[in-house]
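Enquirer: This is the structure, below, for whatever I ask next.
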Amino acid sequence: GSQNGLVASQGLSQAGLGANEAGDRFGESLAVGDFNGDGFDDLGVGAPGEAPGSDPKSGFAFIFHGSANGLVPSQGLDQAGLGANEAGDLFGAALA
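Right, here's the structure in full:
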């Protein structure tokens, strides 16, 4: 996110909010918008194969907030706040 929208020149990984692991499927789904209302585009990235805790493939979504300097790792989300993480949920397989 810049004042002119997202730029393609910035590489991202989940390392700022978690650990890169084989099978996480980081980037399988993407959503763009100004999620926090600051005038910069933000990016949501799904990782349905992520295993927070001991629940294989329960999934995760990563939020990168935009700034004048590009995207910044900001928040990681799983289903624990909405109920419970369960193996095979694949949370983050689709974002809108």
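Each residue of the sequence shown is one higher than the last, beginning at 113 in our numbering. Ideal Cβ positions, reconstructed from N, Cα and C, are used throughout, including at glycine.
Give the DSSP-derived three-state secondary structure of G165 in the structure shown.
Expert: If DSSP states are grouped into helix, strand and coil, G165 belongs with coil.
Enquirer: Do A205 and S125 have their beta-carbon atoms positioned less than 8 Å apart in this structure?
Expert: No, the Cβ-Cβ distance between S125 and A205 is not below 8 Å.
Enquirer: By alpha-carbon positions, which one of F203, S179, L189 ends up nearest to G145?
Expert: For the residues F203, S179, L189, the minimum Cα distance to G145 belongs to S179.
Enquirer: Can you check which of these residues, G151, G195, G165, F147, is closest to V157 by C-alpha distance?
Expert: Cα-wise, what sits closest to V157 is F147.
Enquirer: Tell me which same chain residues have a C-beta within less than 7 Å of the C-beta of L207, skipping the five on either side of it?
Expert: Only S141, L142, A143, G156, G158, A173 meet the Cβ criterion.
Enquirer: Find out if the Cβ-Cβ distance for the pair D167, E198 is shorter than 8 Å.
Expert: Yes.
Enquirer: Which class does A143 belong to by DSSP, given the choice of helix, strand or coil?
Expert: DSSP places A143 in strand when its eight states are reduced to three.
Enquirer: Please name the residue in L189, R137, F152, F138 whose C-alpha comes closest to that of G182.
Expert: Of the candidates L189, R137, F152, F138, the one whose C-alpha sits nearest the C-alpha of G182 is F152.
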